[in-house]
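Take any residue in the sequence shown, count from 1 to its spot, add 530: that is its number in the working numbering.
Even for Gly, the Cβ is constructed at its ideal location relative to N, Cα and C.
Every value quoted in this text rests on a predicted model; they were computed, and no experiment measured them.
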Amino acid sequence: MDDRNWNNLQPADIAKSIMIEGAELLELFQWKNYTVQEINTDPSLKLNMQKEIADVVIYAIELAVHLDIDITEAVQLKVEHNVKKYPASKMKDAATSNEYYMKQKMKYRKERK
């Protein structure tokens, strides 16, 4: 970022870039439903996915650095939060996990407001 003089970017600009790059990754799946095996056996496809994933990760790291967020700590806290929010005992049963997930998601969204 220093060598391109991009350190003056606003957090929203970096967040937008994360979403744009994420959309480019998603575009690789448009109208397709690749399996892991299909991706891993197609060098060109895998390379394209690798590039788009790298773009998303680079921007996410840059935003964290820009905002002085410790990524390791942030991930650890989020994993701990998700373990409580979505306990394995509730999420293992495919028949009920989606319903439970949506209820939890709505509950936490209301609490954030």
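Report the CB separation of residue i from residue j in whole angstroms; it is logged as a contact under 8 Å.
| i | j | result |
| --- | --- | --- |
| N578 | L558 | 6 Å |
| L575 | I583 | With a Cβ gap of about 12 Å, L575 and I583 do not count as contacting. |
Spatial neighbours of residue i within its chain, please: C-beta separation below 7 Å, excluding the five flanking residues on both sides.
| i | result |
| --- | --- |
| Q634 | K615 and Y616 |
Compute the Euclidean distance between the alpha carbons of residue i and residue j, then round it to the nearest angstrom.
| i | j | result |
| --- | --- | --- |
| D572 | Y564 | 10 Å |
| D600 | A594 | 7 Å |
| W644 | E592 | In the structure as shown, the chain begins at 531 and stops at 643. Residue 644 is therefore absent and cannot be evaluated. |
| R534 | L607 | 33 Å |
| A545 | D623 | 35 Å |
| V605 | Q580 | 21 Å |
| R639 | Q567 | 36 Å |
| M632 | E603 | 26 Å |
| Y630 | E554 | 31 Å |
| V613 | R642 | 18 Å |
| Y637 | N628 | The question names Tyr, but residue 637 in the sequence shown is Lys. Near 14 Å, if we compare the C-alpha coordinates of N628 and K637. |
| A618 | L556 | 28 Å |
Ordered along the chain, which non-local residues of its own chain (more than five positions away) have a Cβ less than 8 Å from that of residue i?
| i | result |
| --- | --- |
| E610 | none |
| T626 | K620 |
| L597 | P541 |
Can the beta-carbon of residue i be found less than 7 Å from the beta-carbon of residue j?
| i | j | result |
| --- | --- | --- |
| I550 | A590 | no |
| V586 | G552 | yes |
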